[in-house]
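Counted from 1, the sequence shown has number 191 at position 138 by this note's numbering; the numbering is strictly sequential. By construction, the Cβ of each residue, glycine as well, lies at the ideal position given by its N, Cα and C atoms. Encoded as structure tokens, the structure appears first; notes follow it.
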Amino acid sequence: MRRHLLALTLLAAVPFEASATPAFCEALNQVVSAAQSRFDWLPPGRHLIPGSIDERHGVVQRPDGEPRGVIVAVMYRQNGPVQANVVRERFGTLQREVGGCLPNATTLDTMQGAGATLARWQTPYADIGLRRVDGGAEVAETLIELSVASRW
54 MRRHLLALTL
64 LAAVPFEASA
74 TPAFCEALNQ
84 VVSAAQSRFD
94 WLPPGRHLIP
104 GSIDERHGVV
114 QRPDGEPRGV
124 IVAVMYRQNG
134 PVQANVVRER
144 FGTLQREVGG
154 CLPNATTLDT
164 MQGAGATLAR
174 WQTPYADIGL
184 RRVDGGAEVA
194 ETLIELSVAS
204 RW
């Protein structure tokens, strides 16, 4: 009995690599592919990314003046106090899942600042971002957003 308990304890301590579900990878790749046409052929008003809480479709203005189509999926949201390590772990898991789903994307630098982290990937037609904002004095909401923007 003790051996079984010891084995279970050791197995519980082993970190498991996050693996994205096939549905998440398929949906993410579909959205990334749709960036080539500024998401024109995606059905409007439909929930696109499995596991997202909320999704917004819109247009952002580039610094050079050209508008780009963008889809933003809220993957985690918490109002009020939250344990920072829980949010960091969820962000890290999503970062590994996105990277695993997009093996041909170029991984760009991960930027960290005061209460925020941004991981980025790039394909020929899309800029993909995973952003974590930690709630604090100015922003009470903690969230993780996945964005896919057309590159032109």
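Quiz prompt | Three-pair Cβ contact test at 8 Å for the stretch 104 to 123 versus the stretch 158 to 171 | solution = Judged by pairs of C-beta atoms under 8 Å, the stretch 104 to 123 does not touch the stretch 158 to 171, as fewer than three such pairs exist.
Self-check item: Alpha carbon of Thr146 to alpha carbon of Met128, nearest angstrom
Solution: Those two C-alpha atoms are separated by around 11 Å.
Practice problem: Kindly confirm or deny that the stretch 119 to 137 and the stretch 152 to 159 touch, where touching means at least three C-beta pairs closer than 8 Å. | Solution: Here the stretch 119 to 137 does not lie against the stretch 152 to 159, with fewer than 3 beta-carbon pairs under 8 Å apart.
Quiz item: Among the residues of its own chain, which have a CB less than 7 Å from the CB of Tyr178, if the five just before and after it don't count?
Solution: Closer than 7 Å at Cβ, skipping near neighbours: Ala88, Gln89, Ser203, Arg204.
Quiz item: Is DSSP giving Asn157 helix, strand or coil here?
Solution: Coil, per DSSP.
Self-check item: Nearest-angstrom Cα separation, counted from Arg185 out to Leu199
Solution: Straight-line measurement puts the Cα of Arg185 at about 9 Å from the Cα of Leu199.
Quiz item: Does the distance from the CB of Leu161 to the CB of Ile124 come in under 8 Å?
Solution: At the C-beta level, Leu161 and Ile124 stay beyond 8 Å of one another.
Practice problem: Take Arg91 and list the residues in its own chain whose beta-carbon comes closer than 8 Å to its own, dropping the five residues that flank it on each side. | Solution: So the list reads Arg121, Gly122, Ser203, once near-sequence residues are dropped.
Quiz prompt | Entirely enclosed beta strand (DSSP E) segments - the stretch 103 to 142, minimum 3 residues | solution = Listed in chain order, the beta strand (DSSP E) elements of length 3 or more contained wholly in the stretch 103 to 142 are 107 to 114, 120 to 132.
Quiz item: Which residues does DSSP pair with Gly182 in a beta bridge?
Solution: Residue pairing by DSSP places Gly182 opposite Arg173, Ser200 in a beta bridge.
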